[in-house]
Amino acid sequence: MITLLKMPALFLGMLAVFCCLGSFFIRENRYESGHLGETVLFGFIAYYFLFELISVPMMVLGAKLHLLAWVWAAVVAVLVIASICLHLGMWREWGKRSGGFWRGKTAAFYVMLVLIGIQLYFVAALQENGSADAAYYVGSVTTNLATDSISSFDPYTGKALDFFNIRYVFSMYPAANAVLCRLTGLHPLVVTKVILCMMTVVLSYLVYAQIGKALLKEKQMVWVLLCFISVVNLNFHTIFSNASFLLTRGYEGKAVLCNIILPFLFYLGLRMYQEKNGKRVWLLFFMTGVAAIDLTMSSMMTVPVAMSAVILPNLVRKKRWGQSRLYLLAVLPCVLVLGVYLLGVRGILQIPVVR
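Number 196 in our numbering belongs to position 166 of the sequence shown; there are no gaps in the numbering.
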């Protein structure tokens, strides 16, 4: 019974934390936004950006998982309290707007809610996946908890590592999930295969909603777009589709990459295209690159390509050649990680485990 109460509390609590982090980012950087969904997405990026900056040094220095958990809890608590205290006016404004949220919604809006609800039920109660990647993500969370360490043991065998696995060394997503398990007492299977799968679904549709609002003049058509995407996701299941990752492997970093990070980069490209001055999105590009590495090392090649596809056409169109250095800075984290990875697989560079 306690577990059943903790599950929705953690799910809603994470959304609240994302919202607080996003509102702090928006207000402090003068980024104009009136959309709660956009704020949650910014907070999601900020959450994993900050976790990467804090967890990687602690892992390399041999810190214990319980220490990382308390440090992270303290950092998040300070930022949430600061956000609430500093942005009371914004919260009141959103509170006034929420009263009229349900007025004027078309039938497509309610159909959309039903379709997304079906997907949430599917990933929480029906999905099954026994791949090697699935075993790694759950096994890594479990191993970190059992050994009170950070990526210091092989999740497949439990063997103590002398050197960190170069394929996953900067991907701290399992460690972030282990921290959630440590702080809440929930089982790794519950956190990964239920809560995080549902979170991936919700955030992916928030991204698509923001893309729809940026592209469609008639805002009610956004709900039609989400209905269409829902139908595609429910019926397009091949190993090559992001729909398969969304509904059967939503707790894996690659699922978050293809369903949240890459569409979010496309959204940032739209914002850069539509704004007279695109400097406001550069910090978001940089933070997204770091957060993507935290989620999965696959980002080291995919994210720079995606950033190039949305940034370079904007630079050419607006003839802002001076912003090329900002583009290079945005892709730099992924390029550096790729360099470390290539040195590691060739045996030139190894990062020892400190105990």
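In this text, a Cβ means the ideal position worked out from N, Cα and C, and glycines have one as well.
Cβ neighbours of T222 within its own chain (closer than 8 angstroms, five residues either side excluded): Y167, V168, V171, N207 and Y281.
In the three-state reduction of the DSSP assignment, F81 falls in the helix class, which pools H, G and I. Excluding sequence positions up to five before and after H267, its CB lies within less than 7 angstroms of the CB of A273 and S274, all in the same chain and listed in chain order.
Put simply, the backbone Cα of Q250 is about 48 angstroms away from that of Y186. Around the CB of G299, 16 or more other CB atoms lie within 10 Å, so the residue is classed as buried.
Taken in chain order, the segment 334-372 contains no complete alpha helix (DSSP H) segment of 4 residues or longer.
Between L255 and L246, the CB-CB gap stays under 8 angstroms.
Listed in chain order, the non-local C-beta contacts of L45 below 7 angstroms within the same chain comprise V70, local neighbours out to five positions each way being set aside. Of all C-beta pairs linking the segment 285-298 to the segment 321-333, three or more are shorter than 8 angstroms, placing the two stretches in contact.
Excluding its 5 nearest sequence neighbours in each direction, P343 has no C-beta neighbour in its own chain below 7 angstroms. M228 is positioned such that its CB atom lies no closer than 8 angstroms to that of F79. Within a 10 Å sphere around the beta-carbon of V144 sit fewer than 16 other beta-carbons, which makes this residue exposed. Taking a contact to require three or more Cβ pairs closer than 8 angstroms, the segment 188-195 and the segment 95-112 do not qualify as touching.
Residue environment analysis places I196 among the buried positions, since at least 16 neighbouring C-beta atoms fall within 10 angstroms of its C-beta. Going by DSSP, S113 is part of the alpha helix (DSSP H) stretching over L95 to L116. Residues of the same chain with a CB within less than 6 angstroms of the CB of F54, apart from the 5 flanking positions on each side, are S113 in chain order.
Residue state for F200 is assigned as coil, using DSSP reduced to three classes. According to DSSP, residue pairing for F193 in a beta bridge involves P382. Residue pairing of F183 in beta bridges, as defined by DSSP: A190.
In this structure the segment 363-376 does not touch the segment 231-243; the number of beta carbon pairs closer than 8 angstroms is below three. Distance from the Cα of T278 is smallest, within the candidate group A322, D163, A103 and I56, for D163.
Restricting attention to A137, G188 and Y297, the CA atom closest to the CA of W253 is found in A137.
Cα atoms of L213 and G283: separation of roughly 21 angstroms, rounded to the nearest angstrom. By the neighbour-count definition (other C-beta atoms within 10 Å, threshold 16), Q353 is a buried residue.
When secondary structure is reduced to three states using DSSP, D163 falls in the helix class.
Short of 7 angstroms from the beta carbon of I381, and not among the five residues preceding or following it, lie these beta carbons of its own chain, in chain order: V90, F193, F194 and V199. Scanning its chain for C-beta atoms nearer than 7 angstroms, with the 5 sequence neighbours on each side dropped, one finds around I225 the residues M37, L40 and F41, in chain order.
L66 and G73 have their C-alpha atoms spaced approximately 11 angstroms apart. For G215 and N174, the gap between their C-alpha atoms comes out near 14 angstroms. DSSP places L216 in no alpha helix (DSSP H); its state is neither H nor E. Setting aside the 5 residues that flank it on each side, V86 is surrounded in the same chain by F200 and M202, each with a C-beta closer than 8 angstroms to its C-beta; the list follows chain order.
In the DSSP annotation of this structure, the continuous segment of the alpha helix (DSSP H) that includes I241 starts and ends at C227 to L245.
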